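The structure under discussion appears below in the form of structure tokens.
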Amino acid sequence: MINIKSYLSTVAIASLVLFTPSMTLAKGHSGKSGSHDNCSCNGEHGKSGKHGHHGKSGKSGKYGHHGKSGKAGGFGGYHPNSCTPCKGGLSAMTLRNDGSSGTVNVTGKKGANLFSDHVEAGETFSYQSNGKMDNSIFINGADIHTSCSRPLYAGMKVGDFTLVSATSASTGEVLCTLPVTPPEATTGKVCGIVFYDKNNNGRQDNGEVGTRGIVVSVLDANEDTKRAETRGTGFYCVDDVAAGEATVTVKESTLPANATLTVGSNPSDITVIANQKNSAGRDGYIFPQSSVDETGKVCGVVFHDKNHNGRQDNGEVGTRGIVISVLDSNEDTKIAKTQMTGFYCVDDVAAGEATVTVKESTLPANATLTVGSNPSDITVIANQKNSAGRDGYTISCDCSNCK
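Heads up: the sequence shown begins at 0 in numbering that gives the first Met the number 0, then just goes up one per residue.
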């Protein structure tokens, strides 16, 4: 027996299959993602993806479903300082030292030296490579990636340094440049001279030398004490002194015994201006003669003048173990030997006239002088190296199998 209700349902479904017009349900296209520019100093924001297209209409039927909305575009690498993309890597960079004054070393990933120099606080410095830099370089140990796979932008921090500008290796374009506004400096240097006022006239004349190893202290506006020692010229510089009023003191216990001040004042007051050298002037002292170091060094070179042309050319080596004697103004004889390079230095030679002699018995046999003189006279100035010049010798060969 036929179930009328079931039969009618089946016919109705078949009719829909046979007679309903075709209907295309096209999927909408996804919107394009916004561009993401890691290489640029300032990647633009990605644009939102567009909505997908509507599905096509079915024939004589209903419209197809709407395509799905495209995904919103991702953001580009965004940074506040707009500039040109670096496009593949960097060939040069300029940075600002936001740390303290000192030596700055820049090295490549493989240890190649790109830059090494003293840079003051707040100063900028630049360096470059031949072509493209290593992917990573190191600035006083701080790593910066330079291949553009990470965002680079003016104003980015690298350790104690700030990137000011850079040059693209592929295009030669300079990336955005940060206005150079150094951080406000809070310290300066205090520099001066301590010297031997030999004629006691209150000024440093020619021949009046500085005094090495004298301790100078500075009590600054923060009540901190900073110290330095004088060099051979008597010059000193005390670093990192707080700006403001300060007191400079020459430590008398480090002066020769019975030293008497002839010019300057000790202690003395000074106003320290930040980020500059501040002069503490010259302090002159008269010393008892017995306490004055009136000696210097006499230095020179003895070499093999192989081509007999009277000068030391590349490949003409020094001669080791040659004895040099210096008869000084006190009639004392001081002796030294040449090093492997032929260089020698005779210490503690009294200031004044002296005679330098190359001891010929320590030269190779058949040595003949081609340049210089032996003996030679020299005026020795105290507290410095005094050059005796270069003495060249050619060595003749009188054996049957010479090479």
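Backbone N, C-alpha and C fix where the C-beta goes; we use that ideal spot for every residue, glycine too.
Bear in mind that the values here come from a model prediction, so they are computed numbers and not experimental data.
Close Cβ partners of residue i (< 6 angstroms) along its chain, the five nearest in sequence each way excluded
| i | result |
| --- | --- |
| Ser99 | Ala120 |
| Thr356 | Ser324, Pro374 |
| Gly388 | Gly299, Gly371 |
| Ala424 | Examination of residue 424 is not possible in this model, given that the chain is present from 0 through 402 alone. |
| Asn80 | Note that Asn80 scores a pLDDT of 45, beneath 50, so its modelled location is shaky and nothing firm can be said. |
| Pro287 | Asn257 |
Burial state of residue i (16 or more Cβ within 10 Å)
| i | result |
| --- | --- |
| Ser386 | exposed |
| Val316 | exposed |
| Asp327 | buried |
| Thr170 | exposed |
| Lys197 | buried |
| Gly309 | exposed |
| Asn313 | exposed |
| Ile143 | buried |
| Gly140 | exposed |
| Ile272 | exposed |
| Gly263 | buried |
| Asn277 | buried |
| Gly206 | exposed |
| His307 | exposed |
| Thr318 | buried |
Spatial neighbours of residue i in its chain, beta-carbon cut-off 7 angstroms, leaving aside the 5 residues before and after
| i | result |
| --- | --- |
| Val173 | Ser164, Thr166 |
| Asp223 | Ala241 |
| Ser395 | Asn365, Thr367 |
Bridge-paired residues (DSSP) for residue i
| i | result |
| --- | --- |
| His307 | None; His307 has no bridge partner. |
| Phe286 | The partner list for Phe286 (beta bridge, DSSP) is empty, contrary to what the question assumes. |
| Arg95 | Thr123, Thr161 |
| Asn104 | Ser115 |
| Tyr392 | His303, Leu368 |
| Glu244 | Thr270 |
| Gly140 | None; Gly140 has no bridge partner. |
Cβ-Cβ separation, residue j to residue i (assumed contact under 8 angstroms), whole Å
| i | j | result |
| --- | --- | --- |
| Thr210 | Gly191 | Not a contact, Cβ separation roughly 12 angstroms. |
| Ile321 | Thr361 | 5 angstroms |
| Tyr392 | Thr354 | The Cβ separation is near 19 angstroms, so there is no contact. |
| Tyr424 | Phe137 | Residue 424 falls outside the range modelled here, since the chain spans only 0 to 402, and no answer is possible. |
| Lys225 | Asp238 | 7 angstroms |
| Gly231 | Asn382 | 5 angstroms |
| Tyr284 | Thr261 | 6 angstroms |
Close Cβ partners of residue i (< 8 angstroms) along its chain, the five nearest in sequence each way excluded
| i | result |
| --- | --- |
| Tyr235 | Cys190, Gly191, Ile192, Val193, Ile213, Val215, Ala227, Glu228, Thr229 |
| Gln275 | Gly187, Lys188 |
| Ser344 | Here residue 344 turns out to be Cys, not Ser, going by the sequence shown. Excluding positions up to five away in sequence, the list reads Lys296, Val297, Cys298, Ala335, Lys384. |
Within the region 196-242, ranges of the beta strand (DSSP E) (whole runs, at least 3 residues) | 214-218, 224-228, 234-241, all fully within the region 196-242.
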